[in-house]
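Written below as structure tokens is the structure these notes are about.
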Amino acid sequence: MDKRNNPLYLAWRRFLRSKPGVISGIVLLVLYLVAFLAGFLAPNNLTVQHPDAVYQPPQRVYFFRDGRPVRPYVYQLKRERDPVTFISTYREDRTRPTPIRFLIAQGEPYRFLGFKTNWHLFGVAESEGYFFPLGTDQFGRCLFSRILVGSQVSLTVGVIGVLISFAIGILLGGISGYFGGWVDTLIQRITEVLLSIPRLPILMALSTVIPASWPSTYVYLGIIAVLSFIGWAGLARVVRGQVLALREVDYVTAAMAQGASNLRIILRHIVPNLSSYLIVTATLALPGYIIGESALSFLGLGIKEPMASWGLLLKDAQNFQSLSLYPWLLTPGILIFISVLAYNFFGDALRDAADVRSRD
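Per the UniProt record's numbering: the sequence shown = residues 1 to 360.
Structure, rendered in structure tokens:
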């Protein structure tokens, strides 16, 4: 077959014509790669507190000294208190230049691909000082390291949630549209009940069911379950309509006349025709899960300490005073904005690429 007539090749060409979609795809790839390597990229431990570095601003990295290029280094910051406002301020201690070391082994071990290791891409020797690329929070914890580790929660909750909700929505929507009758009526009434309930109140109500004594891992799984439970109804409604239309096409009718089983008809004739739609819908649904988890964690109903997520980290910047004094605390919100925007552009590009009526 000539590749110019291959549907996948034509869809790929249409996708590449969308510059926002391609750029968004690269951004998402980088975000997930960073999340995968979070432990290795984080220069500090997630939970270690530094009482002498509370709300420390980001440290500036220097590459030149006395007009000559040298190994990257930072100055340690010295804490001072304003005698009038009593607000802590920091200034660089020019007597303490600290070199940034690469591939350094120190700190508490973390798990990577099932193995324990304490290697980090960069950092400074613990005996020489600290390095906080994005500053610290109210407990003196490295915000950069917490953002990296928190990305594992914020970016994976959408993927796992979409897989679960789509499995439920495709199954129930397919059964409803293919078999019809009382089964269709029952499933659609359940779907209508879920669609009639406002999203945020039901998120808050269901999240309170999760016991506060649960460990962080269980809370994470509970948030995924809550988001998946309310996320399948809309998809099931659309899948039902698609299956109703496909059930009447000639090749499906011919397969039924030849005595093909229901399972074979669904898997061989109906599901492949829904694949492009489902891929695009999944891509566009992922931002909703990221925002849902972030909203719950921001309100204190989601991820709990010592785990981290972008929504939980953004909770520290929920008042104007914090934003005016410590603007680096807003960084998790910027990452939420970038990831959601990238998913929307990427989903729009996939939708245009899957449209066979578009001009090639």
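Positions of the beta carbon are idealized from the N, C-alpha and C atoms, including for glycine.
Note that the structure is a prediction, hence the values are computed from the model and not measured.
Distance CB(residue i)-CB(residue j) smaller than 9 Å
{"i": "C142", "j": "V48", "result": "yes"}
{"i": "G39", "j": "V124", "result": "no"}
{"i": "V153", "j": "S339", "result": "no"}
{"i": "A285", "j": "L235", "result": "yes"}
{"i": "S294", "j": "F229", "result": "no"}
{"i": "V219", "j": "K315", "result": "no"}
{"i": "G21", "j": "A225", "result": "no"}
{"i": "P97", "j": "V74", "result": "yes"}
{"i": "I270", "j": "L296", "result": "no"}
{"i": "L274", "j": "Q242", "result": "yes"}
{"i": "W328", "j": "P58", "result": "yes"}
{"i": "L120", "j": "I100", "result": "Before going further, note that residue 120 is His rather than Leu in the sequence given. Cβ atoms of H120 and I100: not closer than 9 Å."}
{"i": "Q76", "j": "G140", "result": "no"}
{"i": "P287", "j": "G158", "result": "yes"}
{"i": "S276", "j": "A11", "result": "yes"}
{"i": "Y289", "j": "G231", "result": "yes"}
{"i": "R14", "j": "D352", "result": "yes"}
{"i": "I266", "j": "A233", "result": "no"}
{"i": "A167", "j": "V280", "result": "no"}
{"i": "F132", "j": "N44", "result": "yes"}
{"i": "E92", "j": "Q106", "result": "no"}
{"i": "Y130", "j": "N118", "result": "no"}
{"i": "residue 371", "j": "I147", "result": "What is shown of the chain runs 1 to 360, which leaves residue 371 out entirely."}
{"i": "L46", "j": "P306", "result": "yes"}
Straight-line gap, residue i to residue j (C-alpha atoms, nearest Å)
{"i": "L341", "j": "A282", "result": "15 Å"}
{"i": "G161", "j": "L227", "result": "7 Å"}
{"i": "S145", "j": "L244", "result": "50 Å"}
{"i": "I291", "j": "L335", "result": "11 Å"}
{"i": "S151", "j": "N319", "result": "23 Å"}
{"i": "M1", "j": "L172", "result": "Interpretation of M1 is limited by its pLDDT of 48, a score under 50 that renders its predicted location unreliable; the figure taken from the coordinates is listed afterwards. Their backbone Cα atoms lie some 37 Å apart in a straight line."}
{"i": "P201", "j": "Y178", "result": "33 Å"}
{"i": "Y343", "j": "S18", "result": "14 Å"}
{"i": "S324", "j": "L330", "result": "10 Å"}
{"i": "L31", "j": "P72", "result": "25 Å"}
{"i": "A205", "j": "N262", "result": "39 Å"}
{"i": "G300", "j": "G311", "result": "9 Å"}
{"i": "P169", "j": "T217", "result": "First, the residue type needs correcting, since residue 169 is Gly and not Pro in the sequence shown. Between G169 and T217, the C-alpha separation is close to 25 Å."}
{"i": "T89", "j": "E108", "result": "29 Å"}
{"i": "I187", "j": "V193", "result": "10 Å"}
{"i": "M256", "j": "G180", "result": "16 Å"}
{"i": "L37", "j": "F122", "result": "13 Å"}
{"i": "A53", "j": "T85", "result": "18 Å"}
{"i": "I223", "j": "P272", "result": "31 Å"}
{"i": "L16", "j": "P215", "result": "44 Å"}
{"i": "A260", "j": "E248", "result": "15 Å"}
{"i": "V239", "j": "L8", "result": "22 Å"}
{"i": "I175", "j": "L313", "result": "42 Å"}
{"i": "T136", "j": "I87", "result": "15 Å"}
{"i": "K116", "j": "E80", "result": "39 Å"}
{"i": "F345", "j": "V209", "result": "35 Å"}
{"i": "L33", "j": "L163", "result": "20 Å"}
{"i": "S213", "j": "A35", "result": "27 Å"}
{"i": "D82", "j": "Q138", "result": "18 Å"}
{"i": "F102", "j": "E128", "result": "15 Å"}
Start and end residues, beta strand (DSSP E) containing residue i
{"i": "W119", "result": "F115 to G123"}
{"i": "Q152", "result": "First-last for Q152: L143 to F179, but that is the alpha helix (DSSP H), not the beta strand (DSSP E)."}
{"i": "L103", "result": "R101 to F112"}
{"i": "Y75", "result": "R68 to R81"}
Contact with chain C by residue i, beta-carbon distance below 9 Å
{"i": "G173", "result": "Going by chain labels, chain C is absent from the structure shown, which holds only one protein chain."}
Local conformation of residue i per DSSP, three classes
{"i": "T95", "result": "strand"}
{"i": "F63", "result": "strand"}
{"i": "S196", "result": "helix"}
{"i": "S127", "result": "coil"}
{"i": "Y55", "result": "coil"}
{"i": "T85", "result": "coil"}
{"i": "T136", "result": "strand"}
{"i": "W12", "result": "helix"}
{"i": "M1", "result": "With a pLDDT of 48 at M1, under the threshold of 50, the modelled position of that residue is not reliable, and no figure is offered here."}
Enclosing alpha helix (DSSP H) for residue i [first to last residue]
{"i": "L323", "result": "F320 to L325"}
{"i": "K19", "result": "K19 to F36"}
{"i": "P332", "result": "T331 to A354"}
{"i": "S311", "result": "According to the sequence provided, residue 311 is Gly. The question's Ser does not apply to it. W310 to L314 is the extent of the alpha helix (DSSP H) around G311."}
Which complete alpha helix (DSSP H) runs does the stretch 200–241 hold, if anything under 4 residues is left out? If we require 4 residues or more, the alpha helix (DSSP H) runs fully inside the stretch 200–241 come out as 216–231.
Tell me the start and end of each unbroken alpha helix (DSSP H) in the stretch 245–275 that is at least 4 residues and wholly inside, in chain order. Complete alpha helix (DSSP H) runs here, min 4: 250–257 and 262–265.
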